[in-house]
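See below for the structure under consideration.
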């Protein structure tokens, strides 16, 4: 947890300070660092190369970033092409066009890019997101992958979760925990020590599975090389093509489904799950804000009724201008870290704006029943929950709900902005 907090602080500092040149030791076209550093190392340039031992954290930003050194802390890398090697004592956080991670990592790893290639030995959990993701080496904890095409060849001592258009587990892959795959096509070779669950249109099983296999697809094939020690359960519009030489020790159970309904069911389940997560996330964020700023959300919510047109105008201005600023910063290249920071801040502001509008709706509903909000935590939380549920129920109405949710975001954001402006103007100089 301490490392995660430290990474968050570094990312925020990176986004805020980089445009002013305050955090980078260099700003040349090509920056090369060698030797030994006893403090955190911040480097920026068109071509960044680090061949140093660092007793601290490393932050590197550039068109091309090449870090091949040992560090006792975390490594944060952002750029077009990123190559990380050596020994890392902490976590790795990387974002770029092409990312290659090798060496030894004693913490977790997050890689977000167009093409992500992960190798070496990683002690902590790994999250990889990209258009194409390739994994190799050894990962001691869980591996989660979200990508267009996924090629998995690594040894994973935890669980493996993949969401991809095309997911392939090679003959050399080993997963000691469970494997969950969802996507368009999935091919499972290699060895799975736990249970295997796959939901995809096209599924091929050709490896060894110690546990049970549960498949949900349209076209399912079990090749001669497949060895399943547990039960084989599958749901499909037609029977699976199971080769006679395939070995299945447990029971085989077939549940016939209809493909169109099957797809619709998945879609509704996904929408329902996302909706529940969104409601829970908004309520959780609102609870945190109530604990940190007990009266702020109530005061901002009063602006919705007292100054609705001002809130609408300011909210619309924020809605339009902030994305424009983000685009300008992204185009400038040097402002990319600040743009990333603004994206996160923008999402947080919109969430807070939705909370303000939900609180206003909850207060109005309470007044209809002759009740007031109260000054303690629990009544305020009750008002928030009522408002959030009401807003999300309205949002489920086709077309009208989406428009209502957009207006709620705009007005709530504007009301929050008015509250911040009033607090700033009234603050003692």
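Residue numbers (our numbering): 367 to 795.
In this text, a Cβ means the ideal position worked out from N, Cα and C, and glycines have one as well.
(message) I need the boundaries of the beta strand (DSSP E) containing residue 547, first residue and last residue.
(response) Mapped onto the chain shown, residue 547 falls at position 181. Here the beta strand (DSSP E) through residue 547 covers 545-554.
(message) Quick check on the DSSP output: the beta strand (DSSP E) that includes residue 447 runs from which residue to which?
(response) Here residue 447 refers to the residue found at position 81 when the chain shown is read from its first residue. Boundaries of the beta strand (DSSP E) harbouring residue 447: 441-454, taken from the DSSP string.
(request) Please check the pair residue 476 and residue 496, which I expect to be a contact at CB under 8 angstroms, by giving their CB distance rounded to whole angstroms. (result) Position 110 of the chain shown, counted from the first residue, corresponds to residue 476. Position 130 of the chain shown, counted from the first residue, corresponds to residue 496. Actually they do not touch by this definition, with Cβ atoms about 11 angstroms apart.
(message) Between which two residues does the beta strand (DSSP E) holding residue 537 run?
(response) For the purposes of this step, residue 537 is taken as the residue at position 171 of the chain shown. Per DSSP, residue 537 belongs to no beta strand (DSSP E) and is neither H nor E.
(request) Please list, in chain order, all residues of the same chain as residue 616 whose beta carbon is under 8 angstroms from its beta carbon, the five residues on each side excluded. (result) Taking the first residue of the chain shown as 1, we reach residue 616 at position 250. So the qualifying residues of the chain are 578, 594, 595, 596, 597, 598.
(message) By the three-class DSSP mapping on this structure, what secondary structure does residue 479 have?
(response) Indexing the chain shown from 1 puts residue 479 at position 113. Residue 479: strand per DSSP, three-state reduction.
(message) Buried or exposed for residue 511, going by 16 or more other Cβ atoms inside 10 Å?
(response) Reading the chain shown from its first residue, position 145 is the one you call residue 511. By the 10 Å Cβ count, residue 511 comes out buried.
(message) My assumption, with CB atoms under 8 angstroms, is that residue 469 sits in contact with residue 480. Please give the rounded CB distance.
(response) The residue you call residue 469 lines up with position 103 of the chain shown. The residue you call residue 480 lines up with position 114 of the chain shown. Actually they are not in contact, since the Cβ atoms of residue 469 and residue 480 sit about 22 angstroms apart, beyond 8 angstroms.
(message) Suppose you measure from the CA of residue 472 to the CA of residue 464; what does that come to, to the nearest Å?
(response) As a first step, residue 472 is located in the chain shown; it is residue number 106 there, counting from the start. As a first step, residue 464 is located in the chain shown; it is residue number 98 there, counting from the start. So the alpha carbons of these two residues sit roughly 22 angstroms apart.
(request) Please state whether DSSP places residue 524 in a helix, a strand or coil. (result) In the chain shown, the residue the question calls residue 524 occupies position 158. When DSSP states are grouped into helix, strand and coil, residue 524 belongs to the coil group.
(request) Could you tell me whether the region 499-507 touches the region 520-534, using the rule of 3 or more Cβ pairs below 8 angstroms? (result) Counting Cβ pairs under 8 angstroms, three or more are found: they touch.
(request) Could you give the DSSP three-state label for residue 592: helix, strand or coil? (result) Reading the chain shown from its first residue, position 226 is the one you call residue 592. Residue state, collapsed to three classes: coil.
(request) Please state whether DSSP places residue 700 in a helix, a strand or coil. (result) To locate residue 700, count along the chain shown from 1; it is residue 334. If DSSP states are grouped into helix, strand and coil, residue 700 belongs with coil.
(request) Taking residue 566 and residue 547 to be in contact with their CB atoms under 8 angstroms, please state how far apart those CB atoms are, rounded to whole angstroms. (result) Indexing the chain shown from 1 puts residue 566 at position 200. Indexing the chain shown from 1 puts residue 547 at position 181. The beta-carbon distance between residue 566 and residue 547, rounded to whole angstroms, is 7 angstroms. This is short enough to meet the 8 angstroms contact definition.
(message) In this structure, how does DSSP classify residue 487 when only helix, strand and coil are distinguished?
(response) As a working mapping, residue 487 is identified with position 121 in the chain shown. Here DSSP, grouped into helix, strand and coil, assigns residue 487 to strand.
(request) Give the straight-line distance between the Cα atoms of residue 413 and residue 683, rounded to the nearest whole angstrom. (result) The sequence position of residue 413 within the chain shown is 47, counting from 1. The sequence position of residue 683 within the chain shown is 317, counting from 1. So the alpha carbons of these two residues sit roughly 38 angstroms apart.
(message) So the candidates are 782, 646, 727, 649; which of them puts its Cα closest to the Cα of residue 362?
(response) Given a span of 367 to 795 for the chain in the structure shown, any question on residue 362 remains unanswerable.
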